[in-house]
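S.K.: Quick one: the structure is below, questions incoming.
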Amino acid sequence: MSKELFLNNFREFISQYKRVVVVSHVNPDGDAIGSSLAFYYFLLKFGIDVKVIIPNDFPSFLSWMPGISDILIFDKNQEKGVEYLNAAELICYLDFNHPSRTGLVHNDLCHCKKTPRLLIDHHRDADFSQFAAYLSDVETSSTSELVAEVIKYHGFDKYLDDNIATCLLVGIMTDTGSFSHSIYHPETFEICGELISPTVDYQLIHSNIYNTFSENRMRLLGFCINNRMTVLNDYHAAYIYLTKEDLDAFDYQIGDTEGVVNHPLMIDNVKLSVLITERQGVIRFSFRSKGDFSVHELSKEHFNGGGHTNAAGGTLNCTIDEAVDKFLRVLPQYKEMLNK
Ligand SMILES: [Mn+2]
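According to the working numbering, numbering within the sequence shown proceeds without interruption in unit steps and concludes at 344.
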């Protein structure tokens with residue numbers, strides 16, 4: 005299904021459904037929340053009964069967003085979440101394409117597999133046969149940009165409001181690291197220009213996202229760089245690891261490690277950065293790269309994950325020491341590529 009076909013048919017497609025659930029991925033980021041809420045507000049304008057479900061809580065730097073209190077956090081209210089899913093006539097996947105990305109929601113999503121699915125996403129390797137309609141483009145900055153395109157197609161003059169514009173700007177801003185990467189075409193800037201207005205203050209949105217650290221979060225960042233960062237010059241790589249004890253020592257809150265992985269890339273010759281964290285018995289990997297080194301391929305191959313060329317995640321069931329060892333064992337395979 006081409007973008008044109010999706011856009012052309014969207015109005016007619018969506019009008020078949022009265023009750024719609026929008027789901028986004030586990031550990032939701034700015035784009036997951038931004039795209040889901042913007043799409044939520046858009047569907048409300050068609051008189052649709054829409055619910056937004058996220059698997060677990062959002063980071064506190066998003067707590068000011070319009071509509072955020074309308075979101076159902078599945079692990080806090082599973083009963084209601086299951087009720088919404090069972091009542092849905094259409095389930096929309098925003099900012100992910102595989103149900104395994106939905107944490108606790110996964111099981112209940114499988115239970116209603118007869119319910120048609122709609123996809124709006126920019127991640128790789130989607131299985132389009134699962135979807136009644138899909139808008140998927142890996143060369144778009146963010147799912148929020150795709151939602152912006154959908155709304156623009158139907159007329160910003162008719163459907164854009166300050167809530168939608170704010171949510172979309174949050175998604176595009178956060179997925180591009182404040183417009184520093186993942187920008188594939190000028191339309192990303194053009195559409196942001198159309199979202200900003202006298203009543204949608206870009207600088208305020210930016211400040212709400214990036215200048216709202218707790219003291220603990222800032223000190224954790226310092227600790228990561230000073231005490232837990234290893235630079236591997238032979239590989240143009242760097243990694244940071246954080247144990248559960250480290251996180252506890254800084255009274256870790258969801259979102260506190262957001263952006264930490266980007267810092268090693270600020271070193272001139274570092275092309276690959278990895279953050280390895282210990283969370284409730286599983287190890288989470290966060291990968292970032294500069295240039296054409298694909299952390300998607302690296303993670304898909306060795307760390308049960310994937311994502312984008314320059315940003316990907318992964319998980320392993322092991323100890324933190326084993327996780328660091330694994331990374332160090334895998335790295336030599338990529339030495340040539342990293343030294344290119
Ligand atoms: Mn995204």
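Ideal Cβ placement from N, Cα and C applies to all residues, glycine included.
Computed from a predicted structure; not experimentally measured.
#1: Between which two residues does the alpha helix (DSSP H) harbouring Glu93 extend?
#2: Where in the stretch 108 to 146 do unbroken runs of the alpha helix (DSSP H), each at least 4 residues long, occur, reported from the N-terminal end onward?
#3: Within the chosen definition, does the stretch 159 to 174 reach the stretch 198 to 212 through at least 3 CB pairs nearer than 8 Å?
#4: Can you find a heavy atom of ligand 1 that lies under 7 Å from the Cβ of Asp99?
#5: Check whether the stretch 215 to 227 touches the stretch 254 to 266, counting contact only when three or more Cβ pairs, one atom from each stretch, lie closer than 8 Å.
#6: Report the rounded CA-to-CA distance for Lys22 versus Ala169, giving the unit in angstroms.
#7: Select from Gly310, Val54 and Phe297 the residue whose C-alpha is nearest the C-alpha of Ala290.
#8: Give me the Cα-Cα distance between Val26 and Asn237, rounded to the nearest whole angstrom.
#9: Starting from Lys22, follow the beta strand (DSSP E) in both directions and report where the run begins and ends.
#10: Any chance the CB of Thr170 is under 7 Å from a heavy atom of ligand 1?
#11: Nearest by alpha-carbon distance to Val109: which of Gly34, Ser146, Arg121 and His29 is it?
#12: What residues are listed by DSSP as bridge partners for Met222?
#13: Hey, could you find the ends of the alpha helix (DSSP H) Ser3 is sitting in?
M.R.: Well, looking at it:
#1: By 1-based counting over the sequence shown, the position of residue 93 is 89. Unbroken run through Glu93: none, as it is neither H nor E.
#2: For secondary structure counted as the alpha helix (DSSP H) over 4 or more consecutive residues, the stretch 108 to 146 holds these complete runs in sequence order: 109 to 115.
#3: The stretch 159 to 174 vs the stretch 198 to 212: in contact.
#4: For the purposes of this step, residue 99 is taken as the residue at position 95 of the sequence shown. For Asp99, the shortest separation between its Cβ and any heavy atom of ligand 1 lies below 7 Å.
#5: Yes, the stretch 215 to 227 is in contact with the stretch 254 to 266.
#6: Taking the sequence shown and counting its residues from 1, the one referred to as residue 22 is at position 18. Taking the sequence shown and counting its residues from 1, the one referred to as residue 169 is at position 165. When the Cα atoms are used, Lys22 and Ala169 turn out to be separated by approximately 24 Å.
#7: For the purposes of this step, residue 290 is taken as the residue at position 286 of the sequence shown. It should be pointed out that residue 290 corresponds to Ser in this sequence rather than to Ala. Nearest C-alpha to Ser290: Gly310.
#8: By one-based count along the sequence shown, residue 26 stands at place 22. By one-based count along the sequence shown, residue 237 stands at place 233. Roughly 44 Å separates the two Cα atoms.
#9: On the sequence shown, residue 22 is found 18 positions in, with the first residue counted as 1. For Lys22, no beta strand (DSSP E) segment is defined, and its DSSP state is neither H nor E.
#10: As a first step, residue 170 must be located in the sequence shown, where it is residue number 166. Not a single heavy atom of ligand 1 lies less than 7 Å from the C-beta of Thr170.
#11: Residue numbering aside, residue 109 sits at position 105 when the sequence shown is read from its first letter. Here the closest residue by C-alpha is His29.
#12: Against the sequence shown, residue 222 aligns to sequence position 218. Per DSSP, none; premise fails for Met222.
#13: Only positions 5 to 344 of the chain appear in this structure, which leaves residue 3 out of reach.
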